[in-house]
Amino acid sequence: MSKTRKEWEETSLKKVLSKHPEREESFRTSSGIEYERLYMPEYVQGKDYAGELGFPGEYPFTRGVQPTMYRGRFWTMRQYAGFATAKETNKRFRYLLEAGQTGLSVAFDLPTQIGYDSDDEMAAGEVGKVGVPISSLRDMEQLFEEIPLAKVSTSMTINATAPIVLAMYIAVAKRQGADPAGIAGTVQNDILKEYVARGTFRFPIEPSMRLVTDIFKYCKENMPRWNTISISGYHIREAGSTAVQEVSFTLANAIAYVQAAIDCGLDVDAFAGRLSFFFGSHNTFFEEIAKFRAARRIYARIMKERFGAKKDSSCRLRFHTQTAGCTLTAQEYDNNVVRVAMQALAAALGGTQSLHTNSRDEAMALPSQDSVRIALRTQQILAYENRVGDVIDPLGGCPMIEKLTDEIERRVNEYIAKIDEMGGAVAAIRTGFMQKEIQESAYRYQKDIESGKQVVVAVNKFKVQEEKEPDWLLKIDTSIQEERSRELAELRKNRDNAAVEKTFKAIREAAAGEDNLMPLFVEAVEQYATLGEICSILAETFGEYKESEFY
């Protein structure tokens with residue numbers, strides 16, 4: 238007869254621990270969930286797999302949002318890119334598509350994200366540094382030159398200025414002869430996490446939420462294949478949250494967006510199917526897999542039980558994943574290839590719909606072309622050589638994974654209940670609750686690194702002599718802003734300024750009222766009104782957000 242767990246602990250394990258007492262220390266996930274020494278099958282025995290755990294593609298979607306998952310098709314391999322100028326970024330896009338990338342993902346520079354043109358004094362020193370500068374429709378035309386938007390899916394990481402950038406994308410698609418109703422992609426459009434974790438906000442919370450729902454309403458009528466928001470936990474995690482906080486705060490923000498859309502007259506089943514999510518994949522391998530599974534299940538129940546969604550599509554949490562930029566190191570940067578591969582594997586085993594793999598040099602600079610290729614090849618090796626998609630939810634039923642999934646779900650629900658008691662996500666942001674929770678987690682994590690409790694290979698353990706910075710790092714020419722200023726001056730001189738002023742008048746009047754601003758943004762950018770000009774008009778009416786305003 239086989240041993241019981243208790244017998245094993247009293248014999249075999251006891252002998253080992255008597256010789257190695259240090260093994261008795263507590264092992265925990267990033268969220269403080271303590272790992273058991275051994276997970277036994279009795280945890281999942283007796284579960285009704287068709288009911289409690291369920292099947293892929295069926296509510297509550299613990300095992301995946303599609304019945305076939307990667308047997309139907311692989312996740313979208315979508316490498317994030319943007320730097321220097323629209324022309325340079327266009328070359329990178331085309332290179333990645335030729336190398337086998339299956340979707341585009343646009344990184345915008347900070348001035349574009351906050352709503353300043355490249356020639357604005359507020360843009361000094363930041364033009365083209367962390368993404369591509371987009372000030373006008375001309376830039377967007379150059380960005381997608383020779384890239385058919387009717388055939389390619391594009392994700393755009395843009396929030397405060399999301400409706401204006403989306404308007405430019407629509408205008409380019411129309412000029413290419415594409416029907417906007419048929420184009421596919423995602424605009425991040427998640428302004429709440431900017432107040433929580435990232436900081437690229439421009440306007441106060443209420444008018445910013447209006448811009449979010451304007452996109453919801455416009456796309457419902459005109460762009461049914463477009464994902465109207467990518468509710469982001471990634472930036473919350475990069476700011477220092479735990480895995481549980483990442484899911485908790487992301488879903489709390491999602492609740493706020495869904496309620497805002499309902500409050501402005503939309504039926505939940507009319508828009509919820511186009512909501513999408515964005516998570517990070519970090520180093521605690523098993524916790525990350527369980528996190529993705531728990532997030533799907535919690536969201537499905539929120540949509541059905543809280544909001545009364547009737548369609549399965551309204552309850553499916555579809556998400557893009559990016560490997561963790563904050564885990565990359567400048568020391569022995571080639572080690573980042575291994576980190577990224579393991580994080581990508583966790584995302585695939587957790588059932589992501591789309592994936593970006595970071596490049597080895599991103600702790601030092603924007604990724605070089607060679608490094609981007611290695612990052613893309615990492616995904617292709619996982620998919621085609623390692624064949625990680627051959628089985629749907631391969632770790633489903635694993636005692637450890639199921640117990641972690643349940644525990645993450647329990648802790649996330651506790652956080653959401655606490656935020657509900659505060660009055661919801663917006664109230665929690667106003668009081669600084671989410672921000673403070675993230676700051677405390679980040680502080681604890683950094684203390685663990687400095688004490689050596691949290692090992693970072695080649696940083697606080699297994700260190701070697703400092704390496705020289707490689708000479709092939711991507712460098713951005715600082716003279717870009719001068720060139721961009723000349724281009725914008727020429728654009729403003731040669732466009733039909735009477736027509737531009739007419740669109741500005743319409744935007745100013747609509748911003749003061751309740752009309753949807755999206756159609757007016759499309760009209761304005763088609764006349765080559767710039768992003769900065771439009772944002773200045775909005776700021777006249779909406780005002781500008783100050784971070785110290787509430788807490």
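Every position in the sequence shown, counted from 1, becomes a number in our numbering once 237 is added. Heads up, the beta-carbon is just placed ideally off N, CA and C, and yes, glycines get one too.
Item	Value
Residue span of the alpha helix (DSSP H) that contains ARG265, given as start and end	Element bounds for ARG265: n/a, residue is neither H nor E.
Supposed contact pair ILE466 and SER513 - C-beta distance, whole angstroms, cut 8 angstroms	7 angstroms
THR740 and LEU725 closer than 8 angstroms at C-beta	no
Helix, strand or coil at LEU386 [DSSP, three-state]	coil
Three-state secondary structure assigned by DSSP to TYR432	helix
Buried or exposed by the 16-neighbour rule on C-beta atoms within 10 Å, applied to ILE618	exposed
CA-to-CA distance, LYS324 to LEU380, given in whole angstroms	6 angstroms
Spatial neighbours of GLU786 in its chain, beta-carbon cut-off 7 angstroms, leaving aside the 5 residues before and after	Caution is warranted here: a pLDDT of 49 is assigned to GLU786, below 50, making its placement in the model unreliable, and no coordinate value can be reported.
ALA531 burial status per 10 Å Cβ neighbour count (16 or more: buried)	buried
Residues of its chain near GLY780, where Cβ-Cβ distance is below 6 angstroms and the 5 sequence neighbours each way are ignored	PRO441
Delimiting residues of the alpha helix (DSSP H) encompassing SER688	670-688
Per DSSP, cross-strand counterpart(s) of MET314	LEU592
Beta-carbon proximity list for GLY769, same chain, < 7 angstroms, skipping 5 on both sides	GLY352, TYR353, ASP354, ASP357, SER372
TYR432 to LEU613 span [Cα, whole Å]	32 angstroms
GLU777 in three-state terms, based on DSSP	helix
Per-residue DSSP class, three states only, for THR740	helix
Neighbour-count burial assignment, ASP451, 16 or more Cβ in a 10 Å radius	buried
Nearest neighbour of LYS388, chosen from ALA408, ASP376, GLN413 [CA to CA]	GLN413
Cβ-Cβ distance between ALA537 and TYR296 below 8 angstroms	yes
Given 8 angstroms, three or more beta-carbon pairs between the region 580-588 and the region 490-508	no
Assigned exposure category for TRP463 - 16 Cβ within 10 Å defines buried	buried
Among ARG597, CYS552, GLY362, VAL449, nearest to ILE401 - alpha-carbon criterion	VAL449
Residue(s) in a DSSP beta bridge with GLY517	GLN559
Own chain, CB closer than 6 angstroms to TYR276, minus 5 neighbours either side, in chain order	PRO636, MET637
Separation of HIS557 from GLY340, as counted between CA atoms	12 angstroms
Cβ contact (3+ pairs, closer than 8 angstroms) linking the region 683-695 and the region 562-581	yes
ALA287 classed as buried or exposed, judged by whether at least 16 other C-beta atoms fall within 10 angstroms	Bear in mind that a pLDDT of 47 at ALA287, under 50, signals an unreliable position, so the model cannot answer this.
Best match in THR391, ILE645, THR487, ARG745 for proximity to ALA434 [C-alpha to C-alpha]	THR487
As assigned by DSSP and simplified to three states, the class of ILE420	coil
Identified DSSP bridge partners for MET393	VAL343, VAL424
8 angstroms contact criterion, which GLY477 and ALA748 should meet: CB distance rounded	The pair is not a contact, with the Cβ atoms about 35 angstroms apart (cut-off 8 angstroms).
Strand pairing of TRP463, partner residues [DSSP]	GLY422
Cβ distance (whole Å) where THR479 is taken to contact ASN520 below 8 angstroms	Rounded, the Cβ-Cβ distance is 12 angstroms, inconsistent with contact.
Reduced DSSP secondary structure (H/G/I, E/B, other) of LEU503	coil
Same chain, Cβ closer than 6 angstroms to SER268, five either side skipped, listed in chain order	THR479, ALA480, VAL481
Buried/exposed call for ARG553, threshold 16 Cβ in 10 Å	buried
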